[in-house]
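Each residue of the sequence shown is one higher than the one before, counting from 468 in the working numbering.
Ideal Cβ positions, reconstructed from N, Cα and C, are used throughout, including at glycine.
Here's the structure we're looking at; comments come further down.
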Amino acid sequence: MAGMAAPSSMPAGKMDMKSMMKDMHDKMSSMPMTGKPDVDFAMMMRIHHEGAIHMAEAELKDGKEPQMKKMAKDIISAQKKCRIPARRA
């Protein structure tokens, strides 16, 4: 249904960009802070990077413009290279 946020488990191409942004924002907003700047930064950036990958995957699936599809490929490649480990220590 248009305008409804899809579950985060939904494949990338099934969510519109606005829903993907809301999903990422909701995850970041609900993440409890540890008070440790390095840990908090890593956890927030991990969610942010995953969101960028999901949006880029949707662009590859549904996009039409070659320049945007190339940008999406570049984003996926760059984000996967700097994957941040999931740790809360």
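With contacts defined by Cβ atoms closer than 7 Å, M495 and I514 form a contacting pair. Contact check for A523 against A539 passes: the beta carbons are separated by less than 7 Å. For M498 against M487, the beta-carbon gap comes to about 17 Å, at or over 8 Å, which does not count as contact. Secondary structure at G518: helix, using DSSP grouped into helix, strand and coil. In the structure shown, M498 adopts coil according to DSSP, grouped into three states. Only residues of its own chain outside the window of five on either side were considered, and among them E526, L527, G530 have a CB closer than 7 Å to the CB of K536, listed in chain order.
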